[in-house]
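Quick note on full-length UniProt numbering: the sequence shown kicks off at 1 and runs consecutively.
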Amino acid sequence: MAAAAEGVPATRREEQPPRATSEDYKLLENMNKLTSLKYLEMKDIAINISRNLKDLNQKYAELQPYLDQINMIEEQVAALEQAAYKLDAYSKKLEAKYKKLEKR
C-alpha cells in the first residue's frame, strides 16, 4: 500500500467484499421464508401444547376431590391396620394369660 501511495501502481488488486448477486438474494429470501414457516409451525405446536396443558390441569382439578378422598381413606386404613396389630398383640397376651390360668 505504501507503494501505491508513492505513485507506483499496485500489482495486487485490493480485496473487495463479495458482491451479492440476485441468486444470493433469492437464496436469502427462500431461507427467510423457510425460517418464517418453521417459526409458524413452532408457534402452532406451542399453542397445542398450551391447550393440552390447560385441559390436563382442568381434568386434574376435577379429580382432586377424589384424590383427597383416596388420601383420607389411605390414612384411615393405616390407622385401622395399627389398631389391628395392637388388638392382635393384646389378644395374644390374653390368650397366654388364659392358658396360664387354665393350667392351675
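Don't be surprised by glycine CBs; every beta carbon is placed ideally from N, CA and C.
Computed from a predicted structure; not experimentally measured.
- Task: Kindly indicate which three-state DSSP category Lys35 falls into: helix, strand or coil?
- Result: Checking the sequence shown, residue 35 turns out to be Thr, not Lys. Reduced to three states, the DSSP call for Thr35 is helix.
Below 6 Å CB to CB, which residues in the same chain sit around Thr21 once its five sequence neighbours on both sides are set aside? none
Simplified DSSP state of Arg51, which is helix, strand or coil
helix
Could you tell me the alpha carbon to alpha carbon distance between Gln76 and Ala84, rounded to whole angstroms? 12 Å
If you measure from the beta carbon of Met31 to each beta carbon in chain C, is any gap under 8 Å?
No chain C appears in this structure, which consists of one protein chain only.
Leaving out five residues before and five after Ile73 in sequence, what residues of the same chain have Cβ atoms less than 6 Å from its Cβ?
none
Quick check on Ala20: does DSSP put it in helix, strand or coil?
coil
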